[in-house]
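K.L.:
This structure is in C-alpha cells; I'll ask about it shortly.
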Amino acid sequence: ANKQSSLMSFFKK
Amino acid sequence: MLEAKLNEAALLKKIIDAIKDSVTDVNFECSETGIDVQAVDSSHIALVSLKLGSDGFSDYRCDRNITLGIKVASLVKILRCANDRDALTLMADDNGDQLRLTFEDSKSERVSEFVLKLMTIDQEHLGIPDTKYESDITMPVDAFQKIMRDMFMLSESVKISCDKEGVKFSCKGDVGDGSVLIKPSSSVDDEGSTTIAVETPVSMELNLKYLNNFCKASGLAQNVHLGMSSEVPIMVEYLLPNGYLRFYLAPKIGD
Chain A
1 ANKQSSLMSF FKK
Chain B
14 MLEAKLNEAA LLKKIIDAIK DSVTDVNFEC SETGIDVQAV DSSHIALVSL
64 KLGSDGFSDY RCDRNITLGI KVASLVKILR CANDRDALTL MADDNGDQLR
114 LTFEDSKSER VSEFVLKLMT IDQEHLGIPD TKYESDITMP VDAFQKIMRD
164 MFMLSESVKI SCDKEGVKFS CKGDVGDGSV LIKPSSSVDD EGSTTIAVET
214 PVSMELNLKY LNNFCKASGL AQNVHLGMSS EVPIMVEYLL PNGYLRFYLA
264 PKIGD
C-alpha cells in the first residue's frame with residue numbers, strides 16, 4: 001500500500 | 014497598528030469555519046498589502062495558506078508589520094457573536110497582545126465589541142514553490158464536495174487521475190469500489206462547468222479525511238481549483254475577493 005508522505009519533504013523551510 | 018474593516022462579517026466567519034478543522038493555531042501576518050496566514054496541521058500532512066489583500070477590505074490600515082497569534086477555536090467563539098451582515102472591524106496595537114473585533118449592524122444601532130487574547134505561536138514558515146501544475150482542474154464546489162463525501166463513506170483514500178478525457182475519482186473499500194468520471198464541459202459559459210487543462214496526465218492518491226475538511230470552504234466560492242503534479246502536494250484553491258484560501262495536501266506515495 002502507498003504511504004502517507006509529509007509536507008516537510010516537499011516544502012523547504 | 015492594524016485597522017481592517019470588512020463590510021460583511023460573513024467572509025471572515027466562513028474562512029475561519031473552513032480552516033478550524035485543519036489547523037488549531039495560526040499567525041495572522043498583517044502588512045501594508047493585507048493579511049496572510051500560513052499554517053500546517055499537527056501531523057504535517059496538510060497546509061492552509063490564506064491571502065486577504067488590503068483591497069478586499071472596505072478600510073485597511075497597517076503602519077507596521079504585525080503578527081497576531083490566534084487560537085482558531087477562540088476566534089470561532091467570538092465570530093459566532095457577529096451576524097453575517099454586520100460590518101466587522103479588526104483592530105490591534107503594534108505589541109500584538111490582543112485583537113479587538115467590533116461588529117456593527119447596517120443601521121449602526123448596535124455596536125458589539127470583543128477582545129481576543131493573542132498568543133505567541135512558533136510556526137515554521139514553509140517555502141511553497143510557485144509551481145506550474147501538470148494538470149489544472151476547475152469544477153463546481155458542490156460537485157467536488159459531494160464526491161469527497163461519498164468516497165469517504167467507502168474508503169480512507171481517493172485516487173484522482175486526470176487526463177484529456179476528464180478527471181476520475183476512484184476509491185477501494187471494504188464494502189466495494191467506486192469511481193466518478195467528470196468530463197470537461199463543452200460550454201465554458203455554463204455555470205457549474207468543469208474545465209480541465211492537462212499538460213501531463215497525473216494520478217495521485219490522497220487522504221479523504223483532509224480533503225473533506227478542505228471542502229468546508231465550499232461556501233466561499235462557486236468553483237474549486239485543483240492543481241496537480243505527480244508526487245507533489247495537491248493544491249485545493251478557493252478564490253476570494255482579492256485573495257485566496259489554499260489548502261495543500263501531501264500525497265500517499267509508493268515506497
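Top to bottom, those sequences are chains A and B.
Be aware that the first sequence starts at 1, since it is given in the working numbering, and climbs by one per residue.
Be aware that the second sequence starts at 14, since it is given in the working numbering, and climbs by one per residue.
We treat Cβ as the ideally placed atom computed from N, Cα and C, and that holds for glycine.
(1) Leaving aside the five residues before and after A23 of chain B along the sequence, list all residues of the same chain whose C-beta is less than 6 Å from its C-beta, in chain order.
(2) At a CB distance below 7 Å, what residues from the stretch 165-189 of chain B approach chain A? Give them in sequence order.
(3) Given a cut-off of 8 Å on the beta-carbon distance, is the pair Y261 of chain B and L25 of chain B in contact?
(4) Would E218 of chain B pass as an interface residue toward chain A - the criterion being a Cβ-Cβ separation below 8 Å?
(5) Among B:L103, B:M161, B:A31 and B:S170, which residue has its Cα nearest to the Cα of E21 of chain B?
(6) Would F182 of chain B and I173 of chain B be called neighbours here (beta carbons separated by less than 8 Å)?
(7) Which runs of the alpha helix (DSSP H) fall wholly inside the stretch 94-174 of chain B and span at least 4 residues, in chain order?
(8) Taking the alpha-carbon positions, what's the S243 of chain B to T151 of chain B distance?
(9) How would you list, in chain order, the residues of chain A whose beta-carbon sits under 7 Å from the beta-carbon of Y257 of chain B?
(10) Report the rounded CA-to-CA distance for R74 of chain B versus V193 of chain B, giving the unit in angstroms.
(11) If D118 of chain B sits next to D99 of chain B, beta carbons under 8 Å apart, how far is it from one beta carbon to the other, in whole angstroms?
(12) Excluding the five sequence neighbours on either side, which residues of its own chain have a C-beta within less than 8 Å of the C-beta of D110 of chain B, listed in chain order?
(13) Quickly, what does DSSP pair C184 of chain B with across the bridge? List them, please.
(14) CB-CB under 6 Å to D106 of chain B, same chain, minus the five flanking residues each way: which ones, in chain order?
(15) Check whether the Cβ atoms of G284 of chain B and I247 of chain B sit closer than 8 Å, and answer yes or no.
(16) To which residues of the same chain is M204 of chain B closer than 6 Å at the C-beta, ignoring the five residues directly before and after it?
(17) Could you name the residues that DSSP lists as bridge partners for S62 of chain B?
(18) Using the Cβ count rule (16 or more neighbours within 10 Å means buried), how would you classify N226 of chain B?
(19) Please list, in chain order, the chain A residues whose beta carbon lies closer than 8 Å to that of L81 of chain B.
(20) Considering only the beta carbon of each residue, do N2 of chain A and K229 of chain B sit closer than 8 Å?
(21) Contact criterion: CB-CB distance below 8 Å. Does V53 of chain B meet it with respect to chain A?
(22) Which bits of chain A does L239 of chain B rub up against, with CB to CB less than 7 Å?
(23) Show which residues of chain C have a CB atom less than 7 Å away from the CB atom of V36 of chain B.
P.N.:
Taking the definition as stated:
(1) As a position in the second sequence, residue 23 of chain B is number 10, starting the count at 1. Taking A23 of chain B as the centre and dropping the five residues before and after it, the same chain places the C-beta of D97 closer than 6 Å to its C-beta, in chain order.
(2) In summary, no residue of the stretch 165-189 of chain B has a CB separated from any CB of chain A by less than 7 Å.
(3) One-based indexing of the second sequence puts residue 261 of chain B at position 248. One-based indexing of the second sequence puts residue 25 of chain B at position 12. It is not a contact, given that the beta carbons lie outside the stated cut-off.
(4) On the second sequence, position 205 is the one that residue 218 of chain B refers to. Interface flag for E218 of chain B against chain A is set, since a Cβ pair is found closer than 8 Å.
(5) For the purposes of this step, residue 21 of chain B is taken as the residue at position 8 of the second sequence. Nearest of B:L103, B:M161, B:A31 and B:S170 to E21 of chain B, Cα basis: B:L103.
(6) In the second sequence, residue 182 of chain B corresponds to position 169, counting from 1. In the second sequence, residue 173 of chain B corresponds to position 160, counting from 1. Yes, these two residues count as a Cβ contact at 8 Å.
(7) Here the runs fully enclosed are 154-167.
(8) For the purposes of this step, residue 243 of chain B is identified with residue 230 of the second sequence, where counting begins at 1. For the purposes of this step, residue 151 of chain B is identified with residue 138 of the second sequence, where counting begins at 1. Cα to Cα, S243 of chain B sits roughly 18 Å from T151 of chain B.
(9) Against the second sequence, residue 257 of chain B aligns to sequence position 244. The premise fails here: Y257 of chain B is roughly 17 Å from chain A at the closest Cβ pair, so nothing lies under 7 Å.
(10) Residue numbering aside, residue 74 of chain B sits at position 61 when the second sequence is read from its first letter. Residue numbering aside, residue 193 of chain B sits at position 180 when the second sequence is read from its first letter. Rounded to whole angstroms, R74 of chain B and V193 of chain B show a C-alpha spacing of 47 Å.
(11) Numbered from 1 along the second sequence, position 105 holds the residue referred to as residue 118 of chain B. Numbered from 1 along the second sequence, position 86 holds the residue referred to as residue 99 of chain B. Separation of the CB atoms of D118 of chain B and D99 of chain B is rounded to 6 Å, and the pair is thereby assigned contact status at 8 Å.
(12) Taking the first residue of the second sequence as 1, we reach residue 110 of chain B at position 97. Only K130 and L131 meet the Cβ criterion.
(13) The sequence position of residue 184 of chain B within the second sequence is 171, counting from 1. DSSP output for C184 of chain B lists B:G191 as bridge partner(s).
(14) Counted from its first residue, the second sequence places residue 106 of chain B at position 93. So the list reads M14, once near-sequence residues are dropped.
(15) The structure shown does not extend to residue 284 of chain B, since chain B spans only 14 to 268, so no value can be given for it.
(16) Along the second sequence, read from residue 1 onward, the residue named residue 204 of chain B stands at position 191. The sequence as given places Glu at residue 204 of chain B; Met does not occur at that position. Once the five neighbours on either side are set aside, E204 of chain B has no close Cβ partner at all.
(17) To locate residue 62 of chain B, count along the second sequence from 1; it is residue 49. As computed with DSSP, S62 of chain B is found in a beta bridge with B:Q51 and B:R259.
(18) In the second sequence, the residue the question calls residue 226 of chain B occupies position 213. It is buried - the Cβ of N226 of chain B has at least 16 other Cβ atoms within 10 Å.
(19) As a first step, residue 81 of chain B is located in the second sequence; it is residue number 68 there, counting from the start. Chain A residues near L81 of chain B: none, gap ~22 Å exceeds 8 Å.
(20) In the first sequence, the residue the question calls residue 2 of chain A occupies position 2. In the second sequence, the residue the question calls residue 229 of chain B occupies position 216. Taking 8 Å as the Cβ cut-off, N2 of chain A and K229 of chain B do not qualify as a contacting pair.
(21) The residue you call residue 53 of chain B lines up with position 40 of the second sequence. Residue-level contact by beta carbon holds for V53 of chain B and chain A, with a gap shorter than 8 Å.
(22) For the purposes of this step, residue 239 of chain B is identified with residue 226 of the second sequence, where counting begins at 1. By Cβ distance, chain A contributes nothing, its closest Cβ being about 17 Å from L239 of chain B, past 7 Å.
(23) The structure shown contains no chain C; its protein chains are A and B.
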